[in-house]
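Positions 235 to 644 (the numbering used here) are the ones given, in order, by the sequence shown.
Working notes for the structure below.
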Amino acid sequence: MAGPGAEFIGSEEAREVMDVLESGYLFRYGDPRNPKFKAKVWKFEQELAAYSGARHALAVNSGTSALLTGLAALGVGPGDEVIVPGYTFIASISSIIYARAIPVLCEVDESLTMDPADVEARITPRTRAILPVHMLGNPCRMDRLMELARKHKLLVLEDAAQAAGASFQGRKVGAIGDMGIFSFNVFKTITAGDGGAVITSDDNYYARAFGFHDQGHLPNRQGVEVGQRPFIGLDFRMTELSGAVLLAQLRKIDRIIGSLRIKKARFKAAISGCGDFSFRRINDPEGECATLLTVIFPTREKARAVAERLKTTTVDHSGWHVYNNMEQILNQLTVTQERCPFTCAYYKGQAEYRKGMLPRTDDILSRSMNISIGVSDAGLGAGFGITAVSGEDEIDRKAAEFVRVVREVG
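The structure is reproduced here in structure tokens:
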């Protein structure tokens with residue numbers, strides 16, 4: 235199982251990595267005058283910021299670390315609520331809890347991204363931020379969500395973990411809200427095995443993010459800094475080896491996505507009209523990553539029958555991307571028995587999570603099936619489909635198999 239970036243690893247990544255290994259210096263900080271210091275992480279950050287249209291980019295060691303860093307930079311904390319969709323990777327929710335805030339789950343629509351109308355219905359005086367998730371490479375309705383944020387004076391942290399390289403109305407995702415995050419694990423558009431990044435055009439948010447990700451230091455550890463550190467930080471630094479791989483991968487990202495879009499268009503055309511199903515709504519067809527093709531059947535029974543014959547699952551059975559399957563969230567299983575932040579005195583609301591609390595999300599996901607175009611991941615219910623390097627023959631063969639099964643099910 236892997237994502238698109240892994241299929242495109244080649245001589246470019248090897249060259250960047252060997253440049254670091256042969257220097258013998260693997261730490262992200264160094265003296266620019268020292269020829270052993272290759273500054274791969276710094277170069278990756280500069281190129282990612284430029285590519286995204288943001289002023290700053292900060293590389294970290296995972297997408298989860300990026301979420302924690304973004305929330306800390308924005309000052310989200312005790313007493314705050316953050317609205318997040320019920321269909322997302324668990325880290326989108328757990329990071330809010332570790333920021334000592336309360337996740338408020340909202341419905342998704344037929345795009346499988348958060349429903350702006352439902353988001354607005356869940357805003358309370360305690361709401362501090364909206365966390366849109368560009369799920370399965372499909373950009374959220376950022377125009378509507380930014381309108382809501384401005385109207386209610388809310389912060390926006392974009393979770394673009396599954397959507398590096400995507401755009402909405404001509405702007406790269408991650409750079410539309412106050413901050414954005416990416417993940418670079420093995421299932422993502424570009425990868426270093428693991429890794430993440432935070433982007434923003436706000437100088438203060440960047441400085442806070444940098445401090446949180448590295449023990450409270452100022453950006454790039456400017457001097458000794460005694461007496462200048464703004465707060466207690468952690469250590470989410472990226473190594474030069476990861477930075478080297480990502481530098482090469484980033485330079486391929488448009489080629490990767492372009493290839494995926496061609497393959498998805500061929501697969502979609504081959505199965506269109508073969509049965510009673512629709513396709514997931516794409517909020518910006520020119521801006522999606524095209525990593526998956528999602529079909530939505532009229533009933534859950536038909537969806538499951540097709541999925542079973544193709545040896546895959548419907549989306550609602552795809553593990554820890556669906557709130558109903560997150561028992562540690564539903565039962566508020568924190569690492570200590572005090573159950574903070576749910577019992578925090580600063581929080582004046584009542585946090586409650588239960589299976590079935592998002593009926594529209596449950597209905598849509600139970601009737602949906604993901605077909606891999608470049609992300610082969612059972613955790614996404616994408617056990618059937620093609621890879622990022624599949625040729626036309628394989629695409630046609632897999633599409634014909636899908637058509638045959640749909641017609642057999644009737």
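By construction, the Cβ of each residue, glycine as well, lies at the ideal position given by its N, Cα and C atoms.
Extent of the continuous alpha helix (DSSP H) run through residue i
{"i": "Gly492", "result": "487-505"}
{"i": "Pro266", "result": "Note, Pro266: premise wrong, no alpha helix (DSSP H); not H, not E."}
{"i": "Val540", "result": "534-543"}
{"i": "Val640", "result": "626-643"}
{"i": "Gly467", "result": "Per DSSP, Gly467 belongs to no alpha helix (DSSP H) and is neither H nor E."}
{"i": "Glu561", "result": "561-564"}
{"i": "Ala306", "result": "297-308"}
{"i": "Ala325", "result": "325-332"}
Rounded straight-line distance, which links the Cα of residue j to that of residue i
{"i": "Glu674", "j": "Ser476", "result": "It is not possible to answer for residue 674, since the shown part of the chain is limited to 235 through 644."}
{"i": "Gly427", "j": "Leu526", "result": "20 Å"}
{"i": "Gly619", "j": "Phe513", "result": "15 Å"}
{"i": "Leu468", "j": "Glu628", "result": "46 Å"}
{"i": "Gly615", "j": "Leu260", "result": "37 Å"}
{"i": "Asp518", "j": "Ser401", "result": "8 Å"}
{"i": "Ser326", "j": "Phe242", "result": "27 Å"}
{"i": "Val432", "j": "Val639", "result": "42 Å"}
{"i": "Phe323", "j": "His555", "result": "4 Å"}
{"i": "Thr570", "j": "Asn558", "result": "23 Å"}
{"i": "Ala293", "j": "Gln396", "result": "16 Å"}
{"i": "Thr425", "j": "Thr473", "result": "14 Å"}
{"i": "Asp488", "j": "Glu246", "result": "15 Å"}
{"i": "Arg485", "j": "Ala398", "result": "12 Å"}
{"i": "Asp510", "j": "Asp352", "result": "28 Å"}
{"i": "Trp276", "j": "Tyr285", "result": "14 Å"}
{"i": "Ser493", "j": "Ala622", "result": "7 Å"}
{"i": "Arg267", "j": "Gly258", "result": "16 Å"}
{"i": "Ala579", "j": "Arg334", "result": "11 Å"}
Beta-carbon spacing of residue i, residue j below 8 Å
{"i": "Ala307", "j": "Met413", "result": "yes"}
{"i": "Glu354", "j": "Ile336", "result": "no"}
{"i": "Leu282", "j": "Ala291", "result": "yes"}
{"i": "Arg356", "j": "Ile317", "result": "yes"}
{"i": "Gly371", "j": "Cys523", "result": "yes"}
{"i": "Thr528", "j": "Arg538", "result": "no"}
{"i": "Thr347", "j": "Pro319", "result": "yes"}
{"i": "Ser435", "j": "Ala409", "result": "yes"}
{"i": "Lys274", "j": "Ala478", "result": "yes"}
{"i": "Gly287", "j": "Ile415", "result": "no"}
{"i": "Phe470", "j": "Asn295", "result": "yes"}
{"i": "Thr358", "j": "Gly583", "result": "yes"}
{"i": "Ala541", "j": "Met603", "result": "yes"}
{"i": "Phe501", "j": "Ile330", "result": "no"}
{"i": "His451", "j": "Arg463", "result": "yes"}
{"i": "Lys536", "j": "Gly617", "result": "no"}
{"i": "Pro453", "j": "Phe444", "result": "yes"}
{"i": "Met252", "j": "Tyr321", "result": "no"}
{"i": "Gln483", "j": "Gly239", "result": "yes"}
Residue i (DSSP reduced to helix, strand or coil)
{"i": "Asn438", "result": "helix"}
{"i": "Lys387", "result": "coil"}
{"i": "His290", "result": "strand"}
{"i": "Asp611", "result": "strand"}
{"i": "Met472", "result": "coil"}
{"i": "Val407", "result": "coil"}
{"i": "Thr528", "result": "strand"}
{"i": "Leu599", "result": "helix"}
{"i": "Pro593", "result": "helix"}
{"i": "Met348", "result": "strand"}
{"i": "Phe278", "result": "helix"}
{"i": "Asn517", "result": "coil"}
{"i": "Ala616", "result": "strand"}
{"i": "Glu256", "result": "helix"}
{"i": "Asp550", "result": "helix"}
{"i": "Gly430", "result": "strand"}
{"i": "Asn219", "result": "No answer is possible for residue 219: the residues shown for the chain start at 235 and end at 644."}
{"i": "Glu392", "result": "strand"}
{"i": "Val479", "result": "helix"}
Distance between beta carbons of residue j and residue i, contact taken as under 8 Å
{"i": "Gly429", "j": "Leu480", "result": "6 Å"}
{"i": "Val637", "j": "Cys508", "result": "4 Å"}
{"i": "Ile607", "j": "Lys498", "result": "5 Å"}
{"i": "Glu341", "j": "Thr595", "result": "5 Å"}
{"i": "Ile491", "j": "Ser345", "result": "Contact flag wrong, Cβ pair sits at about 18 Å."}
{"i": "Ala363", "j": "Leu388", "result": "6 Å"}
{"i": "Gly313", "j": "Tyr581", "result": "5 Å"}
{"i": "Phe421", "j": "Asp611", "result": "5 Å"}
{"i": "Gly297", "j": "Asn419", "result": "7 Å"}
Start-to-end residues for the beta strand (DSSP E) that takes in residue i
{"i": "Arg362", "result": "361-364"}
{"i": "Gly244", "result": "That residue, Gly244, is in no beta strand (DSSP E); it is neither H nor E in DSSP."}
{"i": "Ile336", "result": "336-340"}
{"i": "Ile415", "result": "413-417"}
{"i": "Ile645", "result": "In the structure as shown, the chain starts at 235 and stops at 644, and residue 645 therefore has no counterpart that could be examined."}
Distance cut-off 7 Å: residue i Cβ against heavy atoms of the ligand SAM
{"i": "Ala398", "result": "As for the ligand SAM, it is missing from this structure, which has no ligand bound."}
CB contact check: residue i to chain D, cutoff 8 Å
{"i": "Ile324", "result": "Reference to chain D is not applicable here, since this structure consists of a single protein chain."}
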